[in-house]
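In my numbering, the protein residues as written are 6 to 89. Quick reminder that beta carbons are idealized off the backbone N, C-alpha and C, glycines included.
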Amino acid sequence: METLYLIFLLLLAVGASRVLANVVPLPLPILQIIMGSALALPPFGMGVELRPEIFMLLFIPPLLFYDGWKIPKREFTEHGAEMT
């Protein structure tokens, strides 16, 4: 249950950083690094170990899907034979 709570808290932080990026003139990755660092400070008690299999299951598939979704389709079809 603690892992689920951690995931929801991190998703909330990512959403808040996106909203904050529209207000503050800083790039989104910088704001996300700042928010992640703030969550890692001792008052929040975020000292939770994330097992590698949980990381692979929750974070890697969405990242791979996003990269596949954003691939340039024209270049992929033109150079697809070169990749095989």
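C-alpha distance - residue i paired with residue j, whole-angstrom precision
i   : j   : result
R79 : M88 : 14 Å
A45 : F70 : 28 Å
P34 : P67 : 17 Å
K75 : F81 : 11 Å
R23 : E83 : 35 Å
I59 : L15 : 14 Å
T8  : E54 : 9 Å
I12 : A26 : 21 Å
S42 : L31 : 16 Å
Opening and closing residue of the alpha helix (DSSP H) in which residue i lies
i   : result
E7  : E7 to V28
I76 : Per DSSP, I76 belongs to no alpha helix (DSSP H) and is neither H nor E.
L33 : L33 to L44
Of the residues the options, the one placed nearest residue i, counting alpha carbons only
i   : options               : result
A21 : P77, I38, R56 and I65 : I38
M40 : L63, E54, A18 and E83 : A18
Coarse secondary structure for residue i, derived from DSSP in three states
i   : result
E83 : helix
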